[in-house]
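Take a look at the structure set out below.
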Amino acid sequence: MEMHNPPHPGELLKQDILPTLDLTVSEFAEHLGVSRSHLSKILNGHGGITAEMDLKLSEALSQPPGLWLRMQVNYDLWLAGKAPRTPVKPLPLVA
361 MEMHNPPHPG ELLKQDILPT LDLTVSEFAE HLGVSRSHLS KILNGHGGIT
411 AEMDLKLSEA LSQPPGLWLR MQVNYDLWLA GKAPRTPVKP LPLVA
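In our numbering, the protein residues as written are 361 to 455.
So this is what it looks like as structure tokens:
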């Protein structure tokens with residue numbers, strides 16, 4: 361099944377979460393214990409969610425661990441699926 365353009369998790373953070381927190385990017389970054397530039401890269405789709413960032417977001421937003429990382433993986437797989445690549449032949453299965 362083909363995936364349809366999943367949003368970058370930073371886009372969701374920027375558009376849906378951050379406005380409800382009544383925090384600036386700098387304040388949110390400080391709360392998470394990361395630099396403003398690091399968080400800005402994520403919010404603008406130029407950086408990805410790592411396992412460590414997923415845990416920070418999960419704790420700060422009272423969400424289950426893995427949520428943001430799964431969104432990042434879905435986005436990364438979608439991008440990889442769009443990129444041209446040489447097909448890989450399946451290996452024969454050994455019984």
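Heads up, the beta-carbon is just placed ideally off N, CA and C, and yes, glycines get one too.
The model shown is predicted, which means the values in this text are computed figures rather than measured ones.
Three or more Cβ pairs closer than 8 Å define a contact, and the region 385-397 meets that threshold against the region 406-416.
With a 10 Å radius around the Cβ and a threshold of 16 neighbouring Cβ atoms, L437 comes out exposed. Annotation: the continuous alpha helix (DSSP H) that includes I402 extends over 396-403.
I409 has its alpha-carbon roughly 6 Å from the corresponding atom of L429.
Here R445 carries a coil assignment [DSSP, helix/strand/coil]. Pairing H368 with G405 gives a Cβ-Cβ distance under 7 Å.
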